[in-house]
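First up is the structure itself, then whatever we jot down about it.
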Amino acid sequence: MLKSIEEECFLFTYIDRIVIPASVTKIGYAAFVGCRQLKDVEIPKDSKLQIIENEAFSCTAIESIFIPSSVIEIGKGAFDKSSLQKVDIPKFQTIGKYAFRGALIETINIPPTATNIDEEAFVLCKNLKTQIKTTTKT
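Residue 219, in this note's numbering, is where the sequence shown stops; the numbers in between run on with no holes.
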């Protein structure tokens, strides 16, 4: 059973799609850096994923991603300079510096579980048209 995707595992490869197995708990440093054709990343809702390390998906063509509620940390530059437009993060604790720098995100909801969002997490997100919203349970 696969537990982690190690650092630089797919560095600069030509993959265009990947399904992250539910058993994976960590996506390592720069695991998919420079995969400029990578558009589709599927992470199951019942995933055990906890950590997306620094620069894991930096410089990719991902446009949309679901980050499961098991994730507690999104590392520095995790989606830096990506094509990310839509991100669904129901629960997390930490978003690191430059995590979404330069991404094409228009809106993002911040769950009440968030404890630390670096002040530069969304720097250069020129399409961010609305304020970052905090979601609350009703």
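All residues carry an ideal CB built from backbone N, CA and C; glycine is no exception.
As the structure is a prediction and not an experimental result, all values here were calculated from the model.
Three-state secondary structure (DSSP) of residue i
i: residue 107; result: strand
i: residue 168; result: strand
i: residue 190; result: strand
i: residue 145; result: strand
i: residue 121; result: strand
i: residue 175; result: strand
i: residue 85; result: strand
i: residue 153; result: coil
i: residue 210; result: coil
8 angstroms contact criterion, which residue i and residue j should meet: CB distance rounded
i: residue 106; j: residue 139; result: 20 angstroms between Cβ atoms; not a contact.
i: residue 114; j: residue 99; result: Not really, about 14 angstroms apart at Cβ, beyond 8 angstroms.
i: residue 205; j: residue 183; result: 4 angstroms
For residue i, the nearest candidate out of the options (CA to CA)
i: residue 101; options: 190, 110, 129, 94; result: 129
i: residue 90; options: 134, 125, 127; result: 134
i: residue 199; options: 210, 209, 185, 180; result: 180
i: residue 240; options: 104, 126, 202, 88; result: The structure shown has nothing for residue 240, since the chain only spans 82 to 219.
Per-residue burial, residue i [other beta carbons within 10 Å of its own, 16 or more giving buried]
i: residue 190; result: exposed
i: residue 160; result: buried
i: residue 193; result: exposed
i: residue 165; result: buried
i: residue 173; result: buried
i: residue 207; result: exposed
i: residue 141; result: buried
i: residue 187; result: exposed
Residues bridged to residue i [DSSP beta-bridge criterion]
i: residue 100; result: 123
i: residue 197; result: 175
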